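Some notes on the structure that comes next.
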Amino acid sequence: MSSIDYEALAAEARQMFESAADEHELESARVAWIGRKGRITLLLRQIPDLPADERPIAGGTLNALKGELAACLEERLRNLSADESETGADFDITHPGRTPFIGRLHPLTTTLNEIIDVFREMGFDVAEGPEVESEYYNFEALNIPEHHPARGMWDTFWTESPPGMVLRTHTSPVQIRTMEHQEPPVRIIVPGRCYRSDTPDSTHSPVFHQVEGLYVDEGVSMAMLRGALDTFAHRLFGEEVPTRFRPSYFPFTEPSAELDIGCFQCSGKGCRLCKGTGWIEILGAGMVNPDLYGFVGYDPEKVTGYAFGMGVERIAMLRYGIDDIRLFYENDLRFLEQF
Amino acid sequence: MRLPLSWLRDFVPYEGSAEDLAVSLTVAGLEVEEIVRPGEIFKGVTVAEVLEAGRHPDADRLSVCSVTIGGEPIPVVCGAPNVAAGQKVPFAEVGTLLPNGMRLKKAKIRGEVSMGMICSEVELEIGDDAAGIVVLPEEAAVGTSFAEYLGIDDEIIEIDVTPNRPDALSIYGLARETAALFQLPLEPPDFSVNESGPAASETISVAIEDFEGCPRYSARLIRNVRIDSSPPWLAGRLRAVGLRPINLIVDITNYTMMELGQPQHAFDLRQVAGGSIIVRRAREGEALRTLDEKVQTLDPELLVIADPDRALAVAGVMGGFDSEISGDTTDVLLESAHFNPIRVSIGGGRLDLITESGKRFERGTDPTITGRAADRTARLIADMAGGEVAAGLVEQVAPEALEQRAVSVRKTWVDSLLGASIPDDEATGILERLGFEVNDGAQAGEWQVTIPPWRPDADGPAHVAEELARVWGYDNLGSDTRLSGEAAAGPTLRQKLRVDIRNAMVHFGFYEVITDSLVGRDAAHPFLPGSEPVVLANPRGEESSELRRDLLPGVLRALAHNHRHQMTDVRIFEIGMVHRLEGDKALEQEWIVGALHGSRLAEIWDESSPGTDWFDLTGLMAAHYRALRIDTPRALPYNGAALDASTGIRYVDDDENETGLAGRLTIGFAEALGFTKPVWVFGFRLDSIETGHRSVRRYQGLPRFPAAERDLSLILPLEAPVGTIIDRLKTEKRVEDVRLVERYTGDQIPADRKGVLLSLRLRDIGNTMSDSDLEDILKKLVKILENEFGARLRG
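Going down the list, the protein sequences come from chains A and B. Taken in order, the first sequence gives residues 92 to 430; the numbers are from the numbering used here. Taken in order, the second sequence gives residues 800 to 1594; the numbers are from the numbering used here.
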């Protein structure tokens, strides 16, 4: 046994560990040298057979070598794994990573959130109401009795079961529902899904979303309505956008109005988007018709109020330049990912 | 309503541009949709006279002509065989773009200069004759534009009239509006009429049986009329407002309707038994053949015009076929009545007819104008159809229908409503120009405002404010952006929950979708089997006949749409209302439903089987509940039809009410939708997690003593519930967290067992635990696992 050349043995072992190219070769080296049947392990096992004077030297040398090799193995392993992922020859800073999915909100939700934010900051609360509504709340209490010519303004879906209800044609019924159980001041906006039996085309969808606003208190004026709507228009369409307030007609408001914004495509010169007028209508509004107060027990001598309503789809289409309302309900990811 | 400016100028001397008028009408509440110039297509085409027409020296079929449009002779080469000197012809100058798209240039045709073109019907697109030029009548005036010659050299403003403005459904009403807006004089129509022959009342009579339905009925008799077609100017005006000329008598009644807003009807006197007009409700089952030749079955809800024998017309909607004016009519009974808008609306609805007449009566006509309108119509008939107007108007009227209406208005109230102060004299001026009368009211500062009879919508002080504001200009009211009033209450729990769910889902990589809530009868509603839908009485079609009971069909439709367009790695969700019938009520519930399909990551390149699987779904649900800071509800196996039995989960609350679902669509269901890979879906009711969510959380002190990590390698029966085991361990003292690290089956362990490696984090909040403490805890835990779950430690 004294014939063992520890130096050569150590050199051979070091060489094998250091030249191992990958984890597999390292593992082979480990098995060959310090595994259960490795050369050094076997040599260590044979120590009891050595002459007594050689045993300490052999034991010391072999154990030191084993320790050295184990340390070497560990270091090489660390380096190898580092090589592979970061600093090896195939390190590629452009290599695609493992990418998680990203999600996005629907553009109607984003638009609605922006609308809600503007009015929340003005002190409005968000109220909600049912989509399946009674004729009373959807029409009668809004000053639209049966056979009123204004009923023709809404193509209404009626229900068979339950019998005689309507799918609300606007979120205006929530005005009445709110005023019925709350004394003035009332300051709410009402987002929600609405239904009209329109033939679907690029600007009409039988299902759509509306945001309604209502502010009733002592001393609420039409100039305040204009102020709130101007603020809204400027927040959503830019500080510079001109607005125009124009008379219109709704049975539940008097005076009634529509708000136009200056056409942002042609800057008011007239184009196809604004039908040559330079203006684009964005919402309907007005002072609450005093007749409505009779339905909810308010005193029309004491309070006045304003109301407004807008289509979320229309606002989103104008903001994003979307030319077909049906895209919102198709949910094509190539569409949704753009917002 | 179409407003030809030439007609408008009969009553108001408006000389401004159509564009300016359009803007003024629009900002006063009569929204202009379009300005139409029908003559514009004939720009550059003029009535010319052919001065000379001679054979072209070098071409047999061509003529060398000279024409004049009033000035110097113009040389033109013409290829038509019918051209001849002395003809009046439509001539297009060089530079003209003809209706057929041809642009005329100066030309030399076989050596002869041609400075324009004499046009054929085809070139002008007014007919099919291409063989020769159009030869106009002798009286056509040389130099007038061809459009003017045709009577279409006009500007027509098209107005979208709101239902509250029946007065704007007439030329005269719009003239009144124009006069008010531009402060111009208003010239009323000529209502004078020459009467002759025996009194009308000797021949005709009027009896109103239903004064509520017909407060006023005026009639005139015109004898010995000639039935002819209308002269070009009359036909032209009717066409300009969108009406089709029929015959002279009918056209004149339509003309005065458009002019004054008062619909009228002409009966052939021979067909009115005894000349007796009776206005009454229809009898049950009574039949009437209307002008459109349909036989209508009537009922007492409808008001009819009748003679003693039978119904002749549905009041205000449509006349009867038998009593209409025909080619041999000689004597005309002219009706000019005021009908109750509701009665006419019911009639139009029952007959499913929208007529020009019905449109006006439904909105409310002027009860005071019936007699004058009949006078004007009778006069025009006499002028154009040669009839004699019998003396006297025959009418019945309910006196209260003619009463003036007035409202009391406090000007200070108007000013505060508008938030602006319109000077008193300006205000009274505006109202008076619109036909309102303003007098001092009973109290100081109060006005008594008389409403003109052509404004049935006006009924209170708010209306008066509207009239003032719209003429004063809404844009002049100012914009008050000061905020006042009480602070808002802030979002409700549900509104906050929606925001949190949306945020969580977006963070988990889901796109939000919004889908149609109208679905077909056969739409699947797998999450809510056995429910009854809200069904529409008047759906647009089978595919949209009821409200969705379940968000899943819409979400799957969106998924399938994307799948068809090669987008297969998709995660989407929707939050929305679903409806179902509960007794005789529509029950509304808010759900979130999501679907996962395809890859586990958006981009992945080093995994052999990257497809989304069951553990992705359940992990997602757990993460989602954790994100909302609520405990994952108890899961039970799903036993419905929609989800695969081996993957379906029902989440239930403490009372075993279903709160949510998750699992894989059954293969059959997925394949029917076009999917070949598994489709994973989930959904839950928002109200099931609303309470407790977002409650204010109390801070827990951070631990001061270290935790120890220990692994437990267990062999378990195959069916042992790992999640339950983890939850059970967590209930033990000092067990801070337990995670599944590895799960294995195979050669190393018996076939009816599985191996799991759990990593435990143990901590005592008051001590650093010693090795022996830890050993004691682990021993205890192993004991629990052995006893309760048949586990044993792996050797």
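Backbone N, C-alpha and C define an ideal beta-carbon position, used for all residues, glycine too. Please read these numbers as outputs of a predicted model, since none were measured by experiment.
Apply the 10 Å Cβ neighbour rule to residue i and answer buried if 16 or more other Cβ atoms are within range, or exposed otherwise.
i	result
B:A1034	buried
B:D1108	exposed
A:M92	Because A:M92 sits at a pLDDT of 46, beneath the cut-off of 50, its placement in the model cannot be relied upon, and the point is left open.
B:E1470	exposed
B:F1504	exposed
B:R909	exposed
B:N1566	exposed
B:L1517	exposed
B:L1282	exposed
B:G1185	exposed
B:E1632	In this structure chain B extends from 800 to 1594, so residue 1632 of chain B is not present and cannot be described.
B:D1130	buried
Secondary structure at residue i, three-state DSSP: helix, strand or coil?
i	result
B:W1253	coil
B:I1583	helix
B:G1228	helix
B:W1404	coil
B:F1160	helix
B:N1302	helix
B:C864	strand
A:E421	helix
A:H70	This structure gives no information on residue 70 of chain A, because the portion of chain A shown stretches from 92 to 430.
B:N963	coil
B:F841	helix
B:R1019	strand
B:H1396	strand
B:L1464	strand
B:R1347	coil
A:T152	helix
B:F1235	coil
A:T344	strand
B:S774	This structure leaves residue 774 of chain B out entirely; chain B is present only between 800 and 1594.
A:S110	helix
Do residue j and residue i have their beta-carbon atoms positioned less than 8 Å apart in this structure?
i	j	result
B:V844	B:P889	yes
A:I138	A:R127	no
B:T1089	B:G1119	yes
B:T1411	B:A1461	no
B:I1371	B:A1394	yes
B:I1153	B:E1100	no
B:T977	B:L807	yes
A:P276	A:H300	no
B:L1102	B:R1142	yes
B:A884	B:A852	yes
A:L258	A:F248	yes
A:V302	A:M401	yes
B:S1122	B:Q1063	no
B:P812	B:P984	yes
Return the bridge partner residues of residue i from the DSSP annotation.
i	result
B:A1434	B:Y1450
A:G283	A:Q301
B:E1089	Looking at the sequence itself, residue 1089 of chain B is Thr, so the reference to Glu does not match. Per DSSP, B:G1119.
B:S1512	B:L1556
Using 8 Å for Cβ pairs, my map puts residue i next to residue j. What's the rounded Cβ distance?
i	j	result
A:R287	A:T260	5 Å
B:I1051	B:L1192	Not a contact, Cβ separation roughly 17 Å.
A:L305	A:A407	With 8 Å as the limit, A:L305 and A:A407 do not qualify as a contact, their Cβ atoms being about 22 Å apart.
B:F1138	B:G1012	7 Å
A:R278	A:Y228	No, A:R278 and A:Y228 are not in contact; Cβ-Cβ is about 20 Å, not under 8 Å.
B:Y1310	A:R195	6 Å
B:N881	B:V934	7 Å
B:A817	B:L804	6 Å
A:H295	A:I416	7 Å
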